[in-house]
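Structure record follows, encoded as structure tokens.
Residue numbers (this note's numbering), protein chains in the order written: chain A, 118 to 244; chain B, 118 to 244.
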């Protein structure tokens with residue numbers, strides 16, 4: 118499986134797709150956007166921080182661990198750090214697989230595990 | 118919920134996102150690509166046909182029917198018809214929601230129901 122992981126402090130810009138093979142039949146993507154409400158309060162944005170080196174290792178381990186159950190051919194992961202205004206993306210993930218079942222399974226589960234295990238956190242401007 | 122449905126006979130071109138609101142926190146997307154193998158045989162592409170007017174009505178009913186269980190704010194659906202070469206997309210769906218759970222639930226289930234109920238079918242060049 119091809120794995121690309123990036124943490125950036127600029128707006129997320131999707132790259133053109135590099136197809137992993139002619140057997141790819143499904144591309145599933147997720148974009149997480151900062152909402153104008155956080156825990157019921159109005160916010161202008163969120164500040165994201167990470168232990169970047171460790172977060173990359175954790176994300177790679179998550180991706181490799183999911184590959185048996187949800188076989189995929191490529192995953193690209195981009196997380197923005199620093200200040201992210203409302204309406205802009207903090208996270209973008211693209212998964213390529215032969216079939217849509219594994220693509221969706223992998224994508225949803227890697228987000229769940231990221232939130233549980235990766236050293237990435239957010240602070241809103243009211244805190 | 119904003120619903121856009123299109124059947125086109127040209128390559129699928131994603132449009133820039135028009136955000137449904139500042140409360141959108143999740144965008145989930147799916148692209149279905151023609152694979153070089155179909156039922157074990159090597160193919161050069163697939164030919165898609167649809168009863169277009171009926172297919173639009175069925176897809177709209179599917180989307181409206183899913184909105185209670187998986188609340189979403191916008192769905193865009195593009196299905197290509199006619200000849201689609203291997204490596205090119207036959208289907209693109211983008212869903213906007215406040216949260217990722219409903220976005221993924223809506224997206225996966227609308228594909229399942231499309232395959233079951235919509236008058237869209239494929240023919241490969243060997244048939």
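A virtual CB, placed ideally from N, CA and C, is assigned to each residue, including glycine.
Item	Value
Coil, strand or helix - residue 132/A by DSSP	coil
Which of helix, strand or coil DSSP assigns to residue 224/B	helix
Contact belief for residue 228/B with residue 211/A at Cβ below 8 Å, rounded distance in angstroms	Not a contact, Cβ separation roughly 17 Å.
Min CB distance residue 147/B to chain E below 7 Å	The structure shown has no chain E; the protein chains it does contain are A and B.
Integer Cβ distance of residue 208/B from residue 157/B, believed to fall under 8 Å	Not a contact, Cβ separation roughly 22 Å.
Residues that residue 186/A contacts on chain B, provided the C-beta gap is smaller than 8 Å	Result: empty, since nearest Cβ-Cβ is about 16 Å, beyond 8 Å.
Residue-level contact to chain A via CB, residue 144/B, 7 Å cutoff	yes
Contacts that residue 214/A makes with chain B (C-beta to C-beta distance below 8 Å)	Those do not exist, as residue 214/A stays about 10 Å from chain B at its closest Cβ, beyond 8 Å.
Cutoff 7 Å: residue 221/A Cβ touching any chain B Cβ	yes
Enclosing beta strand (DSSP E) for residue 210/B [first to last residue]	206 to 214
Any 3 or more C-beta pairs closer than 8 Å across the segment 183 to 193 of chain A and the segment 132 to 142 of chain B	no
Beta carbon proximity, residue 203/B to chain A, threshold 7 Å	yes
CB of residue 226/B within 7 Å of CB of residue 183/B, strictly	yes
For residue 202/B, three-class secondary structure by DSSP	strand
Extent of the continuous alpha helix (DSSP H) run through residue 175/B	169 to 183
Simplified DSSP assignment, three categories, for residue 121/A	strand
Beta-carbon neighbours of residue 217/B, restricted to chain A and to distances below 9 Å	147, 149, 225, 228
Nearest candidate by alpha-carbon position, reference residue 161/B, set 136/B, 173/B, 201/B, 147/B	201/B
Interface residues of the segment 121 to 146 of chain A facing chain B [CB-CB below 9 Å]	134, 136, 138, 139, 140, 141, 142, 143, 144, 145, 146
Within chain B, the residues that residue 152/A reaches when beta carbons sit closer than 8 Å	139, 140, 141, 142, 215
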